[in-house]
Amino acid sequence: MIMKKLFRNPLSMAGLLLLLGFILVALFAPWIAPTPEMYANDPYRVPRYGWGTTPEPPSSEHPMGLTQGKYDIFYGIVWGTRTAFQVGIIVTGLSCFIGIVIGSTSAYIGGKFDEIVMRFVDIFMSFPFLIAAIVITAILGRGLDKVIIALVLFRWTGYARLIRGNVLQAKQDEYIMAARAGGVSHPKILMRHILPNTIFPVLIQASMNMGSIVVTAATLSFLGLGAPEGHADWGQMISFARNWILGTPDNPLAYWYTVIWPGLAIVLFVLSWNLIGDAFRDIMDPRIQG
Amino acid sequence: MLTYIARRLLFLPVVLIGVTLLIFVAMSFLSPYQLVSTYIKSPEELKNQSLDDLVRKYGLDQPVHVRYVNWMKNLLRGDLGYSVSANMSVSEAIAKRFPATVELALFAIVPVVLGGIWLGTISAKHYNRPLDHFSRTFAIIGWSLPDFVFGLILLMVFYGVLGWFPPGRLSMWADSIVLTGDFVSYTGLNTVDSLLNGRPDIFWDSVRHLIAPVMTLSYLWWAYLLRITRSSMLEVMNKDYVRTARAKGLTEKVVMNRHVRRNAMIPVATVSGSMVLGLLGGVVIVETVFDYKGIGLLTATGAQQLDYTLILGTTLFYGMLLVLINLVVDILYAVIDPRVRLE
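Taken in order, these protein sequences are the chains called A and B. In terms of this note's numbering, the first sequence has 48 at position 38, counting the first letter as 1, and numbering is strictly consecutive. In terms of this note's numbering, the second sequence has 480 at position 302, counting the first letter as 1, and numbering is strictly consecutive.
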């Protein structure tokens with residue numbers, strides 16, 4: 011039913027198509043942008059063509075041009091799609107898992123335990139997400155794995171809160187009472203009876219957050235805290251562009267390609283998730299149906 | 179109402195202790211040698227002393243709870259250590275840079291709030307008609323446009339091509355005037371100070387530098403506010419009391435402004451807390467993109483140069499600030515929605 015509505019809405023349809031495009035690019039990256047012989051041991055390293063730092067405009071060999079340090083933009087964007095999915099999926103998966111485990115146990119046990127866990131969550135949530143992520147990556151050191159840890163650390167709390175609310179409601183339902191009266195053990199009630207009935211909205215919410223997670227990861231790379239230099243990563247490509255905003259005296263837009271291509275990649279990626287998410291929210295929200 | 183505020187105030191120290199604990203735990207991932215810098219007050223201390231001496235002097239070889247108490251004592255004295263990247267003590271750096279961020283935030287918050295609510299109202303009034311689709315598309319694009327990409331594009335167009343809005347906080351000539359003794363710095367906000375000093379040219383110069391960062395901050399949050407205002411207006415518009423208001427012959431304008439929008443503002447007020455959180459984060463990026471020397475750029479530079487003292491100091495500052503802002507937001511919320519007070 012939901013799927014049908016998603017396919018009927020032109021905006022969410024556009025989002026789904028965009029997302030499909032990105033998935034195809036990520037899957038077929040080795041065919042779309044083949045790795046040169048020299049870099050074969052690490053395909054995620056963006057190949058450089060030449061010495062010096064000045065970017066070079068698009069040409070037949072390099073369809074999107076070379077950015078600062080002569081890194082190939084097209085290659086970086088294609089393989090950067092994989093990086094984006096990796097970061098998005100790992101962060102979403104891990105933080106969702108941690109959030110669901112902590113949130114549902116906390117709600118199921120209830121009482122003092124629940125109170126303490128929730129105050130703990132409150133403290134985590136009282137920090138601006140981006141600043142917390144900056145602090146953690148700065149302390150752990152540079153690198154994509156550190157970015158992932160930082161994002162997970164400050165993401166699980168949202169899911170914990172969400173599932174907690176759902177579990178608290180489900181706990182009162184009659185079928186749970188019935189299960190308890192029937193002598194089913196607590197872990198089994200939680201796993202078999204409560205979670206299957208409460209997990210769905212959390213999973214949807216989590217998958218819709220993929221876009222914003224990828225943006226935050228890119229932001230950290232942009233600030234120089236993410237992927238090591240030369241790793242295929244959209245945020246880093248945009249940070250390269252920072253020094254070339256001004257162009258040359260006779261052509262102020264001389265280096266447009268350094269910011270536009272990677273910028274476009276990240277905007278379209280996030281847009282695809284947001285288009286689907288926005289339609290989802292309207293479909294799921296019964297209050298604005300009337 | 180008073181008991182509500184009192185209860186919130188009582189909760190304040192608990193949150194503050196939580197925030198400091200969290201930062202302290204983060205700090206414990208660093209080695210004592212890395213941490214020493216957070217205790218040193220000036221570069222002179224490094225003369226004639228080995229790092230081991232300093233580690234011992236500041237008790238960094240002590241057990242955790244002793245270290246926490248010591249650290250808290252320093253904090254309460256306002257001593258946050260010495261920052262290498264800013265080349266001054268952290269509290270000095272924060273005091274110097276904070277007014278710039280306040281100025282940016284003040285200039286951003288008015289267009290963000292008024293614009294977002296206005297757009298959301300229009301969108302709801304024209305539900306599922308072209309104007310609604312248009313403003314929603316505008317919002318979805320805004321929501322998807324990372325601030326650093328949008329900021330760089332603005333910089334390219336308005337600085338690179340048109341030369342209207344340069345990066346930084348002031349032009350070179352204005353900066354040299356502000357730094358002289360004749361120019362009295364009352365508030366640290368250049369726009370206010372320049373008017374108080376009777377220098378409209380400097381006022382205009384600082385406004386020119388604020389426009390592009392404010393545009394960057396606004397677009398994203400317009401999108402956010404538009405979405406929330408729209409859906410909560412739509413919800414309220416279906417309520418019985420709105421139908422009653424229409425039935426008794428009130429004009430559409432009165433129904434919308436008095437009956438719908440007032441009630442629709444409650445969820446908007448709820449998100450204002452998270453909006454402040456987001457704005458503080460957004461400021462880091464916007465200040466970095468536009469080379470605007472506020473506390474966000476300070477934090478970003480500190481993080482890039484692994485200046486732990488500075489990062490921990492500014493984070494602590496952010497934490498305190500947020501606790502206070504949240505308190506204000508909660509109180510305002512109780513003012514808007516009487517039901518909150520009774521809970």
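Backbone N, C-alpha and C define an ideal beta-carbon position, used for all residues, glycine too.
So what does DSSP say about residue i, is it helix, strand or coil?
i: Asn441 of chain B; result: helix
i: Glu66 of chain A; result: strand
i: Thr258 of chain A; result: strand
i: Ser136 of chain A; result: coil
i: Asp379 of chain B; result: helix
i: Arg58 of chain A; result: strand
i: Tyr486 of chain B; result: helix
i: His72 of chain A; result: coil
i: Ser261 of chain B; result: strand
i: Leu28 of chain A; result: helix
i: Tyr3 of chain A; result: Chain A is shown from 11 up to 300; residue 3 of chain A falls before or after that span and cannot be answered.
i: Ser228 of chain B; result: coil
i: Ser267 of chain B; result: strand
i: Phe290 of chain A; result: helix
What's the C-alpha gap between residue i and residue j?
i: Val131 of chain A; j: Ile87 of chain A; result: 36 Å
i: Thr365 of chain B; j: Phe276 of chain B; result: 11 Å
i: Leu194 of chain B; j: Ile33 of chain A; result: 44 Å
i: Val356 of chain B; j: Ser372 of chain B; result: 8 Å
i: Ser317 of chain B; j: Leu395 of chain B; result: Residue identity differs from the one stated: residue 317 of chain B is Ala in this sequence, not Ser. When rounded, the distance between both Cα atoms is 14 Å.
i: Val461 of chain B; j: Trp351 of chain B; result: 25 Å
i: Gly346 of chain B; j: Asn219 of chain A; result: 33 Å
i: Asp288 of chain A; j: Leu238 of chain B; result: 51 Å
i: Gly320 of chain B; j: Trp399 of chain B; result: 8 Å
i: Pro211 of chain A; j: Ile173 of chain A; result: 8 Å
i: Gly300 of chain A; j: Leu412 of chain B; result: Its pLDDT being 40, under 50, Gly300 of chain A is placed unreliably by the model, and the measurement read from it follows with that caveat. Approximately 9 Å, taken between the alpha carbons.
i: Leu230 of chain A; j: Ala143 of chain A; result: 8 Å
i: Leu499 of chain B; j: Met187 of chain A; result: 46 Å
i: Ser22 of chain A; j: Leu278 of chain A; result: 13 Å
i: Met205 of chain B; j: Thr93 of chain A; result: 29 Å
i: Thr63 of chain A; j: Met453 of chain B; result: 39 Å
i: Arg291 of chain A; j: Ser409 of chain B; result: 10 Å
i: Cys106 of chain A; j: Arg386 of chain B; result: 44 Å
i: Ser263 of chain B; j: Leu213 of chain B; result: 15 Å
i: Gly25 of chain A; j: Ile514 of chain B; result: 38 Å
i: Tyr397 of chain B; j: Gly90 of chain A; result: 26 Å
i: Phe164 of chain A; j: Val433 of chain B; result: 42 Å
i: Phe232 of chain A; j: Thr492 of chain B; result: 20 Å
i: Asn435 of chain B; j: Thr299 of chain B; result: 9 Å
i: Gly338 of chain B; j: Ile389 of chain B; result: 15 Å
i: Met488 of chain B; j: Val268 of chain B; result: Reading the sequence as shown, one finds Leu at residue 488 of chain B and not Met. Leu488 of chain B and Val268 of chain B: Cα-Cα distance of roughly 6 Å.
i: Ile83 of chain A; j: Pro73 of chain A; result: 8 Å
Using the Cβ count rule (16 or more neighbours within 10 Å means buried), how would you classify residue i?
i: Arg202 of chain A; result: exposed
i: Tyr305 of chain B; result: exposed
i: Tyr59 of chain A; result: exposed
i: Phe381 of chain B; result: buried
i: Ala191 of chain A; result: exposed
i: Lys156 of chain A; result: buried
i: Gly103 of chain A; result: exposed
i: Val506 of chain B; result: exposed
i: Gly294 of chain B; result: buried
i: Tyr419 of chain B; result: exposed
i: Tyr211 of chain B; result: exposed
Please tell me whether, using a cut-off of 7 Å, the distance from the CB of residue i to the nearest non-hydrogen atom of the ligand MN is below it.
i: Leu297 of chain B; result: The ligand MN is not part of this structure, which contains no ligands at all.
Just to make sure I have the definition right: I need the residues of chain D whose C-beta is within less than 8 Å of the C-beta of residue i. Which are they?
i: Val462 of chain B; result: No chain D appears in this structure, whose protein chains are A and B.
Every unbroken beta strand (DSSP E) within the region 149–226 of chain A, with a cutoff of 3 residues, ordered by chain: With a minimum length of 3 residues, no continuous beta strand (DSSP E) run stays inside the region 149–226 of chain A.
Validate contact between the region 93–101 of chain A and the region 234–251 of chain A using beta carbons, cut 8 Å, 3 pairs: Because the criterion of three Cβ pairs below 8 Å is met, the region 93–101 of chain A and the region 234–251 of chain A touch.
Runs of alpha helix (DSSP H) lying entirely within the region 304–374 of chain B, each at least 4 residues, in chain order: Entirely contained in the region 304–374 of chain B, the alpha helix (DSSP H) runs reaching 4 residues are, in chain order, 308–322, 325–333, 350–357, 368–374.
Stretch-stretch touch, CB-based, cutoff 8 Å, three pairs: the region 181–199 of chain B with the region 68–82 of chain A: Flag = no, the region 181–199 of chain B and the region 68–82 of chain A do not touch.
Sufficient close CB pairs (3 or more, under 8 Å) joining the region 263–271 of chain A to the region 321–334 of chain B: Between the region 263–271 of chain A and the region 321–334 of chain B there are three or more C-beta pairs closer than 8 Å, enough to call the two in contact.
Segment contact, 8 Å Cβ cut-off, at least three pairs: the region 236–256 of chain A with the region 475–495 of chain B: Inter-segment contact for the region 236–256 of chain A and the region 475–495 of chain B is absent: fewer than three beta-carbon pairs are separated by less than 8 Å.
Three CB pairs or more closer than 8 Å across the region 248–259 of chain B and the region 413–427 of chain B: No, because fewer than three Cβ pairs between the region 248–259 of chain B and the region 413–427 of chain B fall closer than 8 Å, the two stretches do not touch.
Segment contact, 8 Å Cβ cut-off, at least three pairs: the region 438–445 of chain B with the region 124–140 of chain A: Result no; under three Cβ-Cβ pairs closer than 8 Å.
The region 279–299 of chain B / the region 461–475 of chain B touching (three or more Cβ pairs under 8 Å): At 8 Å Cβ cutoff, the stretches touch.
At least three beta-carbon pairs within less than 8 Å, the region 158–171 of chain A to the region 253–262 of chain A: No, the region 158–171 of chain A does not touch the region 253–262 of chain A.
Contact the region 111–118 of chain A vs the region 174–185 of chain A: 3+ CB pairs below 8 Å: Flag = yes, the region 111–118 of chain A and the region 174–185 of chain A touch.
Unbroken stretches of the alpha helix (DSSP H), 4 residues or longer, contained in the region 388–476 of chain B: The qualifying runs are 418–425, 439–467.
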